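Residue numbers (this note's numbering), protein chains in the order written: chain A, 1193 to 1466; chain B, 5 to 780. What follows is a short report on a single structure.
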């Protein structure tokens, strides 16, 4: 005799469940630069945890070039880049949305005791003229210099303040990698290594890498914000003109929200004022 | 020869071009799809090469690592490094040489704790220096390392392991391989591709071909910066070169793989040839289909062109000449030419019609004038003849006078017919609508033609149903004219036969309130052949030429009859056969009369107008004499006024019982004179004024009445209508009384029906040739 009420109750609960059930998550992958990979990964985690309508995925780095290629070809709706777009790139119908800027750091492996380096010393290291940390005031140990290809955003940022770095011929002992994760891996593997990378990306290192003061200036956000530390990059998102998807819009809104700004700041990134 | 692009050819070319474009577009799309497919296959192949290369390199590294680990674990090696003695070199040589032999490594060397090389199995004679590769320093710190190096023009891979003795790192063992051309060739054999190992600067470290390939530095840079394989296809050699970005342990390189794409490119080539074949086939089919479809589509246009050209010949008499081969311009040319000619023709016709209308007006005016001018002397002839007939004459004189009267009457009839036909053709013939009795008309006709038939030795028979003798509304003059014409013909064409006139009612069509009557005139005369009947009602036409010769006549009578009957809304038909006779049937509708008819037929009063004062306004001296003679025979002595002005003057000076007024006079015409007289009379007095005019048309009569006259007599004036008119306005019993008030003039011939012998029942002579039946 309770069959009918039970049915009605079940139907009601089912309807309620359906009405309350979240919509299917709208996945949006943002491929591209390794510079922004770590901090955007943290932002994506917070964003995904805060809502269930969209899900942002930050895949491993394919470089700024990868983001430009994927977004231009339409295989990605949103890409992450480690620099502002050139005029030629903007002319392809891409919109650049800057998110933040931060210092590019001369970083040393966890076994390095030196804390300072000059621009000249840095160039000499890559040229192979300085090969031991002792010459830089640290404990003796070979300098495992890791270089980047010329198109790398971090290298380009540093080249703006250290001109000789532009034309430097890397010594045979210098390893050249073309992705940030490869650099991070080498930094972790070689305690006496030296490389250049934006500050927030170095949070991905498993070892306690060392930030070297450049020409006596610590690469802190404050120094960068004040201009005392000049080398830095900006990063952001790109999409095809007028085609920012809803998930992308929601993510951008989150990044520019108070919580997003807090996360960026916590990783040494200076958010762009909206 | 000049190539002419007519419409058909143009359309076919357009369709073919569209088909070709469509197919080429489809071909291009399919080609792109095919190329993309081939490209995907190539990419997949490239990825496979990339994977295999990386796995093989990884395998080499693993093997090196294993060799280094196994060697480092040899206690003798650690002990000898920890406590160098005399046997150290032998120990190391023994351990490392065996390991090198077993592992097939290219390098195997040992360093002590100060990073100094103490033995190189691959180069036993050289020792004491420091290794330049990464990893020794780190291995001395206890880590297992793998590192690459660029040394002696080669890329090498090193697995470096710490050597321990009693838990303390005392040195390192480094096992390595050279990524030289020999090793690269081994890999290339497995992946079926020529391989080159190059750095970002384009430096070639190893290659598998016979010579160093010409590599594109730009492609290398693109592969390394974009982190994607970059393809370069060479259509001549049918080979594809792929620049693969790879990281060999810790350094970025590009491996350039050159694979044979001939199979894929040949597949593309074959597909292109097939597609080209299809394109040609589709083009030909399109052309064929275009020809067939357009021939079908253009057929109506061709037909239209032919029709237009034929119409041009038929309508304008001149062919349309065109040397256009193109269908549409030819059709347009034909239609434009035809239209232009028709417009020109239409304008000419308009001009001709205007001229014809002007001519018709002129003709009407001419006829009107001629009518007046003929009637005036005819009035003198007939009037005088009639006056003369009432004087004592010898038999011969009487015969001559009868001939004059007959000829005059014939001339009068012809004149009437010509005028009627002219009015019919001008569309100016109008009908009266007055109440009248049919009986007097029919009896009168019977009287006249009964006597005429008797004169031809023919019997005359009349048969009228009561319905045919009633009072109706219509035009009595035209009814009389039609029947009179038919009876006249019957008498004319019947010798010693019989003629009959009948009248009967017809059932009215549904919804038609009018009364329909049928009048039939039949005879047993000469009759007509069927072909003669066809042209019977055409003007100036008689049954045949001999008719005119034998019987005379203008050939206008039946034409006028047909027009009059049709104008009255009726029909006229004829049945006839040669030598059998003819039957003419006239069906006429009449509206109901709205006024009652005369209940009695008053006998014609004996003429006698002695003592009456008549004023005659007439400018023609002969006509003055005619009227004066006629009135004198009636006992009156009229005063003659030579024009209207004189008439008005006479009227103002003395009283007259009646005025006979001519209309067309010098100085003052009859209309003006009448108006002046009426103005002179004032109210309470009205002297009858009877128009006597040669203007004999119905509108002339109306014009006279409108001018203030009371009655109308057309010239030639004859005694009988004159007496009737005088009797109407000066009744004998009240000759001194006032004349009747002005009222609508009864239509002619309203005279009383005289008793006629043919109206007696059949078999009651005195005239055996006449008979009549009035049906109950």
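The beta carbon of each residue, even a glycine, is placed where N, CA and C say it ideally should be. Computed from a predicted structure; not experimentally measured.
Residue-chain proximity (residue i, chain B), Cβ-Cβ < 8 Å
i               : result
residue 1399(A) : no
residue 1330(A) : no
residue 1281(A) : no
residue 1286(A) : no
residue 1257(A) : yes
residue 1264(A) : no
residue 1378(A) : yes
residue 1254(A) : yes
residue 1251(A) : no
residue 1278(A) : no
residue 1271(A) : no
Whole-angstrom distance between residue j and residue i, CA atom to CA atom
i               : j               : result
residue 124(B)  : residue 1240(A) : 57 Å
residue 176(B)  : residue 54(B)   : 32 Å
residue 302(B)  : residue 352(B)  : 35 Å
residue 1388(A) : residue 1312(A) : 15 Å
residue 480(B)  : residue 439(B)  : 9 Å
residue 335(B)  : residue 310(B)  : 9 Å
residue 433(B)  : residue 423(B)  : 10 Å
residue 715(B)  : residue 705(B)  : 8 Å
residue 750(B)  : residue 665(B)  : Model confidence at residue 750(B) stands at a pLDDT of 40, short of 50, so the residue's coordinates are unreliable; what they give is reported in the following sentence. About 19 Å.
residue 332(B)  : residue 275(B)  : 42 Å
residue 1465(A) : residue 255(B)  : 39 Å
residue 204(B)  : residue 88(B)   : 44 Å
residue 1342(A) : residue 159(B)  : 22 Å
residue 269(B)  : residue 48(B)   : 16 Å
residue 606(B)  : residue 730(B)  : Only weak support exists for where residue 606(B) lies, its pLDDT of 47 falling under 50; the coordinates are left without a value.
residue 1457(A) : residue 1248(A) : 20 Å
residue 1405(A) : residue 1366(A) : 21 Å
residue 220(B)  : residue 202(B)  : 11 Å
residue 427(B)  : residue 560(B)  : 13 Å
residue 537(B)  : residue 570(B)  : 18 Å
residue 385(B)  : residue 459(B)  : 25 Å
Any C-beta of chain A under 8 Å from that of residue i
i              : result
residue 24(B)  : no
residue 7(B)   : Bear in mind that a pLDDT of 46 at residue 7(B), under 50, signals an unreliable position, so the number given afterwards is only what the model happens to contain. Judged by the 8 Å Cβ criterion, residue 7(B) is not in contact with chain A.
residue 46(B)  : no
residue 162(B) : no
residue 49(B)  : no
residue 131(B) : no
residue 337(B) : no
residue 141(B) : yes
residue 73(B)  : no
residue 303(B) : no
residue 176(B) : no
residue 170(B) : no
Nearest-angstrom beta carbon gap, residue j and residue i [assumed within contact, 8 Å]
i               : j               : result
residue 1258(A) : residue 230(B)  : 7 Å
residue 109(B)  : residue 71(B)   : 5 Å
residue 383(B)  : residue 621(B)  : Going by Cβ atoms, the distance from residue 383(B) to residue 621(B) rounds to 14 Å, so no, they are not a contact pair.
residue 1269(A) : residue 1314(A) : So it is not a contact: roughly 39 Å between Cβ atoms.
Residues bridged to residue i [DSSP beta-bridge criterion]
i               : result
residue 520(B)  : 510(B), 593(B)
residue 588(B)  : 525(B), 578(B)
residue 789(B)  : Past the boundaries of the shown model lies residue 789(B); chain B is included only from 5 to 780, so the question cannot be answered.
residue 1239(A) : Bridge partners of residue 1239(A): none, in fact.
residue 658(B)  : None; residue 658(B) has no bridge partner.
residue 238(B)  : 243(B)
residue 1421(A) : Paired residues: none, contrary to the question.
Chain-ordered chain E contacts of residue i [CB-CB under 9 Å]
i               : result
residue 1352(A) : The structure shown contains no chain E; the protein chains it does contain are A and B.
*Interface positions of the region 248-272 of chain B facing chain A (Cβ-Cβ less than 8 Å), listed along the chain*: 249, 251, 254, 255, 256
*chain B contacts from the region 1380-1411 of chain A (Cβ-Cβ distance under 8 Å)*: 1381, 1382, 1383, 1384
*For the region 178-211 of chain B, enumerate the residues whose C-beta is nearer than 7 Å to any C-beta of chain A, in chain order.*
204
*Scan the region 213-228 of chain B for residues whose Cβ lies nearer than 7 Å to a Cβ of chain A and list them as they occur along the chain.*
Residues 228.
*Listed from N- to C-terminal order along the chain, which residues in the region 1363-1374 of chain A have their beta-carbon within a distance smaller than 8 Å of any beta-carbon of chain B?*
1364, 1365, 1367, 1368, 1369, 1370, 1371, 1374
_Against chain A, which members of the region 90-123 of chain B pass a CB distance test of less than 7 Å?_
none
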